[in-house]
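Remarks on the structure that follows.
Numbering (my numbering), first residue to last: 4 to 168.
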């Protein structure tokens with residue numbers, strides 16, 4: 004699937020773990036956009052559409068903006084007011100169940116995880132001994148070789164049941 008992005012991108016990440024992964028991919032030139040395309044050249048952590056409008060959209064951009072949301076819930080809505088709907092395209096990337104699945108896959112423990120009935124973050128803490136699996140420091144150290152991060156992402160894509168929407 005080919006995604007068309009604007010020249011101006013607002014990349015909104017739900018949490019610190021998602022932000023860290025996106026920043027690692029950006030810093031290694033592994034995304035279809037560059038840091039220079041980002042509003043203020045940074046990841047945004049504002050989740051509510053109303054707050055995003057107040058802080059960013061009222062700046063009066065001359066061209067269309069792509070809002071790229073990286074979240075872990077299919078239920079979370081991002082409803083812009085009618086005044087801004089035509090000025091932006093919203094693309095939502097869902098990391099469900101949790102970004103910690105990348106660590107589980109990288110460890111080769113997916114089958115053990117599936118046998119249990121626990122959340123990925125709990126599995127990482129209890130079965131793998133990674134108590135700080137969501138921290139940016141842990142993720143940067145664990146995936147210091149960005150090739151291992153790419154391999155985990157590809158493996159997740161291969162085995163996940165990805166919803167079409």
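Glycine included, each C-beta is placed from N, C-alpha and C at the ideal position.
Environment of residue i [buried if 16+ CB atoms lie within 10 Å]
| i | result |
| --- | --- |
| residue 100 | exposed |
| residue 67 | exposed |
| residue 23 | buried |
| residue 29 | buried |
| residue 121 | exposed |
Range covered by the alpha helix (DSSP H) that runs through residue i
| i | result |
| --- | --- |
| residue 136 | Run containing residue 136: none; DSSP gives neither H nor E here. |
| residue 86 | 85 to 88 |
| residue 54 | 52 to 58 |
One or two residues paired with residue i in a DSSP bridge
| i | result |
| --- | --- |
| residue 96 | 73 |
| residue 207 | This structure gives no information on residue 207, because the portion of the chain shown stretches from 4 to 168. |
| residue 41 | 12 |
Residue i to residue j span [Cα, whole Å]
| i | j | result |
| --- | --- | --- |
| residue 131 | residue 153 | 20 Å |
| residue 21 | residue 136 | 12 Å |
| residue 45 | residue 25 | 10 Å |
| residue 72 | residue 115 | 30 Å |
| residue 145 | residue 156 | 14 Å |
Residue i at chain B interface by Cβ criterion, 8 Å
| i | result |
| --- | --- |
| residue 118 | Absent from the structure: chain B. Only one protein chain is present. |
Residue i, enclosing beta strand (DSSP E) - first and last residue
| i | result |
| --- | --- |
| residue 13 | 11 to 16 |
Query - Inter-stretch contact (C-beta, 8 Å, three-pair minimum) for the stretch 101 to 117 and the stretch 80 to 93 - result: No contact exists between the stretch 101 to 117 and the stretch 80 to 93.
Requested in this report: Flag this pair as touching only if the stretch 10 to 17 and the stretch 40 to 50 have three or more C-beta atom pairs under 8 Å; answer yes or no.
Outcome: yes
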